[in-house]
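Engineer:
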Amino acid sequence: MNFILPASGNPLVAVTAASGVTAWAPALILVPLCSFVFLLLMGRRSDKWGHWVSVLATGFSMVLGLVILFHTMSVPVDQRVTEQHLFEWIPAGDHTISVGLRLDPLSLTFVALVTFVGFLIHVYAVAYMEHDTDRRRFFAYLNLFIAAMLTLVLGDSYAVLFVGWEGVGLASYLLIGFWNQVPDYALAAKKAFVMNRVGDVGLLLGMMAMFHYFGSLAYSQVLPNANTLSTEQATLIGLFLLVAACGKSAQFPLQAWLGDAMAGPTPVSALIHAATMVTAGVYLMVRSGAIYVVSPTATTVVAIIGAITLLFGAIVGTAKDDIKKVLAASTMSQIGYMMLGAGLGPIGWAFAIFHLLTHGFFKAQMFLGAGSVMHAMGDQTNMRRFGALKNAMKVTWITFGIGWLAILGIPPFSGFWSKDKIIEAAFVADTAGPWQPWVLGFVALIGAGITAFYMSRLFFMTFHGEARWTTAAEGAEVHPHESGPLMTWPMIILSVFSLGLGGVLSIGNGFVNWLEPVLGHAEHREPVMPVVAITVLTLLSIVVGIFWAYRLYIAQPVSKAVPAGSFLTHAARNDMFQDDVNEALFVKPTMTLASAVEVADRQVVDGAVRGVCSGVDALGKATATTQNGKVRSYAAYILVGVVALLGVALFGTL
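Take 10 as the starting number for the sequence shown in our numbering and just add one per residue.
1. Flag this pair as yes or no: are the beta carbons of leucine 78 and leucine 37 separated by less than 7 Å?
2. Write down the C-beta distance between serine 465 and tyrosine 559 rounded to the nearest angstrom, noting that I regard them as a contact closer than 8 Å.
3. By Cβ distance, which residues of its chain are closer than 8 Å to valine 86, with the 5 residues on each side in sequence left out?
4. Glycine 574 by DSSP, collapsed to three states: which one?
5. Out of Phe595, Arg534, Leu151 and Phe556, point me to the one whose CA is closest to methionine 286's CA.
6. In terms of residues, what are the limits of the alpha helix (DSSP H) holding glycine 208?
7. Kindly indicate which residue of Ile246, Pro446, Phe321 and Trp523 has the alpha-carbon position closest to the one of glycine 268.
8. Hey, alanine 353 and alanine 435 are a contact pair by Cβ (cut 8 Å); roughly how many whole angstroms apart?
9. If you draw a straight line from the alpha carbon of alanine 323 to that of leucine 561, how long is it in whole angstroms?
10. CB phenylalanine 96 to CB valine 108, shorter than 7 Å?
11. For alanine 307, collect the residues of the same chain with a Cβ closer than 6 Å to its Cβ; drop the 5 residues on either side in sequence, then sort them by chain order.
12. Go to glycine 109, then tell me how far its beta strand (DSSP E) extends in each direction, as first and last residue.
13. If we ignore side chains and look at the alpha-carbon of each, how far apart do threonine 460 and leucine 577 end up?
14. What is the residue span of the beta strand (DSSP E) that tryptophan 98 lies within?
15. Note down the Cα distance separating serine 427 from proline 355, rounded to an integer number of angstroms.
16. When you compare only the Cα positions, how much space is there between phenylalanine 462 and leucine 75?
17. Who does glycine 164 pair with in a DSSP beta bridge?
18. Look at alanine 328 and glycine 290 and say whether their C-beta atoms are less than 7 Å apart.
19. Quick check: the Cα distance between alanine 283 and threonine 31, rounded to an integer number of angstroms?
20. Can you tell me which residues form a DSSP beta bridge with alanine 658?
21. Just checking my contact of arginine 477 with valine 567 at CB under 8 Å: how many whole Å lie between their CB atoms?
22. What's the gap between the Cα of isoleucine 586 and the Cα of alanine 580?
23. Counting only runs of 4+ residues fully inside the segment 528-566, write out the alpha helix (DSSP H) ranges in chain order.
24. So proline 276 and glycine 380 are supposed to be a Cβ contact under 8 Å. How far apart are they, rounded?
25. To which residues does DSSP link aspartate 331 through a beta bridge?
26. What alpha helix (DSSP H) runs, 4 residues minimum, are completely inside the segment 415-494?
27. Let me check understanding here. Comparing Cα to Cα, which of Ile455, Leu50, Cys43 and Leu503 lies closest to phenylalanine 128?
28. Isoleucine 362: buried (16+ other C-beta within 10 angstroms of its C-beta) or exposed?
29. When the distance is taken between beta carbons, is serine 423 closer than 7 Å to glycine 511?
30. Who does alanine 227 pair with in a DSSP beta bridge?
31. Just to check my reading of the structure: methionine 392 and threonine 479 have Cβ atoms closer than 8 Å, yes? What is that Cβ distance to the nearest angstrom?
32. With 16 as the cutoff for other CB atoms within 10 Å, does asparagine 660 come out buried or exposed?
33. Count Cβ pairs between the segment 41-52 and the segment 142-150 that sit closer than 8 Å; are there 3 or more?
34. Does DSSP put histidine 140 in a helix, a strand or coil?
35. Hey, quick one: how far does the alpha helix (DSSP H) through glutamine 374 stretch, first residue to last?
36. Smallest Cα separation from tryptophan 523: which of Phe125, Ile332, Phe360 and His473?
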């Protein structure tokens with residue numbers, strides 16, 4: 010038994026060996042992984058029933074995960090961290106990398122989110138993908154996604170985390186490009202894959218640095234000894250890990266792939282945005298908190314990146330007309346809040362995970378609601394051709410409305426309890442100086458107001474106002490109707506959590522206390538403004554955002570055509586020209602360099618080789634004429650040779 014050092018630096022909890030129900034933890038990963046392999050091997054033979062195998066596999070992981078979660082909650086605090094060694098993976102001289110699982114309040118929180126939300130998305134997808142000829146393959150990929158994400162969060166070392174990290178990247182590539190017969194969708198999958206590989210380089214470099222300093226990648230070796238790092242060493246590792254998190258969680262400047270990832274089927278969008286891929290970066294930041302404690306510089310950079318991204322995503326969301334792309338921008342912005350919380354140090358870690366958890370439920374609910382709307386509108390996504398859907402889709406309208414209020418942060422909905430805590434903490438942290446709480450605090454507060462505007466815009470344009478539905482004359486007549494039970498029940502269940510989860514977990518500071526065995530106890534500090542003033546200002550900014558959206562999208566008719574808009578509107582519609590910036594800064598210089606290398610290779614290297622070949626060929630042809638088979642000629646050659654040798658010998662002696 011060895012003691013772990015929670016990220017705050019206080020040794021509180023001992024690591025014990027898994028036993029009883031916790032010893033079943035490997036099955037959490039193995040069952041969906043086996044389902045993935047089984048469905049691929051069965052091929053078309055499982056077309057009619059393969060999706061139910063996938064649903065059962067995820068359901069098994071959900072039930073087992075919840076049993077382990079409740080068991081862990083029932084034991085004393087000092088017994089809530091267990092590890093299970095599975096096998097030796099890479100023996101290399103004196104070093105061995107082993108594979109094992111760690112069950113603690115942080116990883117089990119993710120297990121509950123991934124399996125519960127993932128199971129509901131699976132059920133929803135049974136109906137949503139009903140007419141797709143490759144539905145069985147789609148469900149196989151969903152199982153791979155679940156297995157990879159569980160590997161990522163349950164691993165007991167950065168090496169195992171990396172396996173899950175790459176598995177999630179592969180599954181997202183397969184799912185985003187699921188309809189790869191459409192060239193744009195295939196390109197979107199490739200874009201997500203390539204941009205995530207940029208982030209992966211950061212994770213690899215961070216792991217190499219850890220191995221250099223600690224001789225191990227196990228959490229039990231790295232995190233308790235993080236305080237032995239110098240500030241420069243911790244900054245180096247922290248910035249490498251931040252690059253990885255930016256790629257996986259779509260944070261500035263590696264966020265450009267997230268909007269295009271909407272090419273995948275809507276259940277995939279719900280899974281990526283709510284429970285799996287984009288949350289991995291936040292998990293990495295919080296899990297590595299002990300390293301960031303040593304480096305105020307790296308911690309501050311994480312907070313600044315989060316603040317930039319939350320504003321970036323919010324501004325982009327104000328001008329998009331595609332319902333899924335508005336939700337994608339919203340994800341970028343909300344993950345920005347979580348990264349901001351992770352960059353505030355110990356006072357923000359628990360709130361970052363708290364918002365990740367509540368966001369997982371209401372964002373999944375809204376994506377499934379968007380899918381229900383698309384299902385009713387003939388797969389259209391342009392909100393300018395929606396409107397007045399509240400009467401035709403009562404269940405979708407009510408459940409989506411609950412998600413809308415939750416993400417806005419209206420009390421008592423879930424988002425109020427988690428997002429406002431991050432805003433409050435942003436007015437406290439001052440690791441970079443007295444300017445920090447004022448700047449980051451007001452950025453978070455302004456972001457809440459912009460969020461209220463663009464999410465209200467989406468809600469009003471979709472469900473209220475006049476119907477702007479496409480007609481038969483336009484070639485796409487629609488007859489909106491409510492979705493079936495397999496699609497509506499997951500939305501109803503998620504809306505219950507969007508309504509009450511945040512308040513329930515806030516009772517007695519319950520969720521923060523639950524995470525203390527991993528994150529430690531954060532010292533209470535007062536913000537630079539009274540808490541009441543922060544809450545009032547935040548709610549006031551939300552009300553202003555809602556009212557602004559009401560005036561533009563309910564009080565006035567919504568144009569079916571896209572208005573010209575200002576330069577800022579044009580910039581927001583084009584993702585603040587992020588693709589153009591990437592093209593100018595990275596793609597074109599790289600292509601120019603590649604062209605120069607190709608020319609150098611063709612003209613210099615290949616040219617030299619071709620020159621030598623030509624010289625040898627010419628010499629061969631020249632000497633070939635001397636080989637005529639005549640004795641007189643050969644005698645003459647011998648005579649010339651003898652004379653030459655005599656000449657060399659004579660002049661050599663002189």
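Cβ coordinates follow ideal geometry from the N, Cα and C atoms, glycine included.
Structural biologist: In brief:
1. no
2. 7 Å
3. Leu21, Val22, Glu525 and Pro526
4. In the structure shown, glycine 574 sits in coil (DSSP, three-state: anything other than H, G, I, E or B).
5. Leu151
6. 192-223
7. Phe321
8. The displayed chain sequence assigns leucine, not alanine, to residue 353. Correct: roughly 6 Å between the Cβ atoms.
9. Whole-angstrom Cα-Cα distance: 18 Å.
10. yes
11. Thr244, Gly247, Leu248 and Tyr301
12. 104-112
13. For the pair threonine 460 and leucine 577, the Cα-to-Cα distance works out to about 17 Å.
14. 91-101
15. 16 Å
16. 37 Å
17. Leu110
18. Going by C-beta atoms, alanine 328 is not nearer than 7 Å to glycine 290.
19. 26 Å
20. In DSSP, alanine 658 forms no bridge with anything.
21. Contact between arginine 477 and valine 567 is confirmed by a C-beta separation of about 7 Å, below the 8 Å threshold.
22. Per the sequence shown, the amino acid found at residue 586 is phenylalanine instead of isoleucine. Answer to the nearest angstrom: the Cα atoms are 6 Å apart.
23. 540-562
24. 7 Å
25. Answer by DSSP bridge pairing, in chain order: Asn391.
26. Secondary structure remark: continuous alpha helix (DSSP H) runs of at least 4 residues inside the segment 415-494, in chain order: 423-435 and 444-472.
27. Leu503
28. buried
29. yes
30. Ser166
31. About 13 Å; that fails the 8 Å criterion.
32. Correcting the residue type first, residue 660 is phenylalanine in the shown sequence and not asparagine. With fewer than 16 other Cβ atoms within 10 Å, it is exposed.
33. yes
34. Coil, per DSSP.
35. Segment 355-385, the alpha helix (DSSP H) holding glutamine 374.
36. Phe360
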